[in-house]
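Numbered according to mature numbering (1 follows the signal peptide of the UniProt record, and there is no 0), the sequence shown spans residues -26 to -1, 1 to 345.
Glycine is no exception: its CB is placed at the ideal position from the N, C-alpha and C atoms.
Step one of this worksheet: look at the structure below.
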Amino acid sequence: MSMMVVKCLAYLVALLLLLLNYGANGHRVSRKVLDYEKQFKLLQKTSVTTIKNEYGDIYDCVDFYKQPAFDHPLLANHTFHPEMKPSSFALKEERTISKEREILSNNMKSRGKGCPTGTIPIKRMSKDDFIKMKRFTEDYTSRTRSNDFENHFAVLQTTPNPSKKIYHGAKGIFTYHDPKVSDSQYTLGGLTIMNGDDTIKAGWMGGSSHCFNMLCSGFVNVNKEAPIDDVLEPMSKRWGKIYGIKLSIFKDPKDGNWWLVIGTENTIQGFWPGKIFNGLANSATFVSFGGEAYGPVDQPLPPIGSGYKGIASPDDAAYVLGVTVLDENLKEDYNPVETETYTDDPQYTVTDYGWSNRYGRIMFYGGTTPV
Ligand SMILES: *[C@@H]1O[C@H](CO)[C@@H](O)[C@H](O)[C@H]1NC(C)=O
C-alpha cells in the first residue's frame, strides 16, 4: 500500500451546517469566490511556523485569533481566548473500552511537538484546493438541507417526539473505516446534533477528494497539538484490529458553547460558539449516531460505515459503542429509549443491538460494499 493511499484514508471532521442562519440579513449566501480568495490570502499571511506530520502534510501554526472561525459575522466582538475550556465535562463517566475485543481507542495524540502556545494548526493547501474545499462545504450544507436521492443514511437516531424532549449533548466510541468511494462520493461516520436549521457534526470522513476541514467558519479550535482534520490511523481492518475514536459533544451550561472533546483522555478540541446559533443556542432536539454518504444517482450507492451491512457482526460492520445522550437535566442517559433506526435504502442496514454490560449501548450500521 503506498503512502498516498494511507494518507487519504480517513480524516477527523467537525462540521457546522448553518447555511440559513447567518444573521438576519443573510450575508452567507452571497459569499463567493472573491471572499474565499481573501480568506486564503489572510491564512497565508498569518502562519507563525509550520509543523509536518509523517505523511508529509504541512500544517501552518496560525495565530489563535486569526483562525477562520472568526470570519463569522456574529463573532465580530468575541472574547474567546486560547486557554478556554469547558466549565466541566458534562459527559464524564467512563466505560472501559475493550482492549480484549481490540477496539482500540485513538486518542489523537499529537505527533511531534504541536504548535506554539497561542496558535493552532491548519492544514496547508493550494488556493485551488482551498476554494474547492470551501465550495464543497457549502454544497454539502445545501445538499443536506434537501431531501434528494443523493443523500444516504444509516443511523440510530432519537425519535422525533411530541413530548419535545431535549438534549444537551451526546457521545460514543465510533469505529472508523476505509470504504472505497468514487471521486464524486464521500462517506461520513459520527455524531450529529441538531435543532431546527442548526446542525453540528463530528466524525470521520472517507473519500480523499473531498477532505473537508475546519476551515468552515464557526468552529473554534483551541487544541494546539492536534488539527481537527488529522489523519486517523491506524486504520481498522476487516477481520483484523478495529479502531475507534471517542467523540463527545456537549453544551457547556455556563458559557453556552458546544464543546467537542475527543478520545478517552478527553482532549479538548474546540467549540461551536453558542452565539452563532438559533435553535442550538438553547438545546438540541435531535441526535443521531452512525453514517451518511453522498453519491450522484447515476453511480452505485456509496458505502456507509465499513461498507458492510450493519448486522451485529463487529468483524464486518462499523459500529458505535457506549451510545449516550445528555438529557435536559444534564444527566447522562446510557441507554436512551426514545430512539429508532433509520436508513433511506434497504441496501443499508442498522442494528440497534441494545445494552451490553461491558460496552454500553451498541449500534451497528453500514452497507453497499462495492464488490
Ligand atoms: C460589535 O461591536 C460593534 C461596535 O460596538 C457593533 O456595532 C456591532 O454590532 C457588534 N457586532 C456584533 C456581532 O456583536
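Roughly how many angstroms lie between the CA atoms of W253 and M179, to the nearest whole one? Within the sequence shown, the letter at position 279 stands for residue 253. Within the sequence shown, the letter at position 205 stands for residue 179. In the sequence as displayed, the identity of residue 253 is Gly instead of Trp. Near 26 Å, if we compare the C-alpha coordinates of M179 and G253.
What I want to know is whether the C-beta of P320 ends up closer than 7 Å to one or more non-hydrogen atoms of ligand 1. The residue you call residue 320 lines up with position 346 of the sequence shown. No, since every heavy atom of ligand 1 falls outside the 7 Å radius drawn around the Cβ of P320.
Rounded C-alpha distance that separates residue 355 from G163: Residue 355 cannot be examined here, being either before or after the span of the chain that is shown, -26 to 345.
Collapsed DSSP secondary structure at K26 in the structure displayed: Here residue 26 refers to the residue found at position 52 when the sequence shown is read from its first residue. Here K26 sits in strand by DSSP.
Could you tell me the alpha carbon to alpha carbon distance between T343 and P288, rounded to whole angstroms? Working through the sequence shown from its first residue, we reach residue 343 at position 369. Working through the sequence shown from its first residue, we reach residue 288 at position 314. Near 16 Å, if we compare the C-alpha coordinates of P288 and T343.
Going by the DSSP bridge assignment, what does M337 pair with across the sheet? Counting from one through the sequence shown, the residue named residue 337 turns up at place 363. M337 pairs with V294 and D326.
Classify D102: buried if its beta carbon has 16 or more other beta carbons within 10 angstroms, exposed otherwise. Working through the sequence shown from its first residue, we reach residue 102 at position 128. Result: exposed.
Three Cβ pairs or more, each shorter than 8 Å: is that satisfied between the stretch 275 to 287 and the stretch 296 to 313? no
Which whole-angstrom value describes the C-beta separation of I147 and V294, a residue pair presumed to lie in contact below a C-beta threshold of 8 Å? Counted from its first residue, the sequence shown places residue 147 at position 173. Counted from its first residue, the sequence shown places residue 294 at position 320. Confirmed, Cβ separation roughly 7 Å.
Residue 353 Cβ short of 7 Å to ligand 1 heavy atom set: Because residue 353 is not part of the residues shown, which for the chain are -26 to 345, the question remains open.
Taking the straight line between their C-alpha atoms, what separation do you get for Q273 and H55? Working through the sequence shown from its first residue, we reach residue 273 at position 299. Working through the sequence shown from its first residue, we reach residue 55 at position 81. Each residue's Cα considered, the two are about 46 Å apart.
Identify, in the order they occur along the chain, each residue of the same chain with its Cβ nearer than 6 Å to the Cβ of F338, setting aside the five sequence neighbours on each side. Within the sequence shown, residue 338 is the residue found at index 364, counting from 1. Hits under 6 Å: G284, A286, A291, Y293 and T325.
Per the contact definition of three or more C-beta pairs closer than 8 Å, is the stretch 127 to 134 in contact with the stretch 227 to 244? no
For ligand 1, I want to know if N51 counts as a neighbour, meaning its beta carbon is within less than 7 Å of at least one of the ligand's heavy atoms. Along the sequence shown, read from residue 1 onward, the residue named residue 51 stands at position 77. Yes, the Cβ of N51 comes within 7 Å of a heavy atom of ligand 1.
Rank N197, G218 and E199 by C-alpha distance to the C-alpha of E207 and give the top, closest one. Reading the sequence shown from its first residue, position 233 is the one you call residue 207. Selected option, being the one with the closest Cα: G218.
With DSSP as the reference, label D157 as helix, strand or coil. One-based indexing of the sequence shown puts residue 157 at position 183. In the structure shown, D157 sits in coil (DSSP, three-state: anything other than H, G, I, E or B).
Just the C-alpha distance for K12 and M99, rounded to the nearest angstrom, thanks. Working through the sequence shown from its first residue, we reach residue 12 at position 38. Working through the sequence shown from its first residue, we reach residue 99 at position 125. About 15 Å.
With L130 as the anchor, note down where its beta strand (DSSP E) starts and where it stops. The count along the sequence shown starts at 1 and reaches residue 130 at position 156. Element bounds for L130: N125 to T132.
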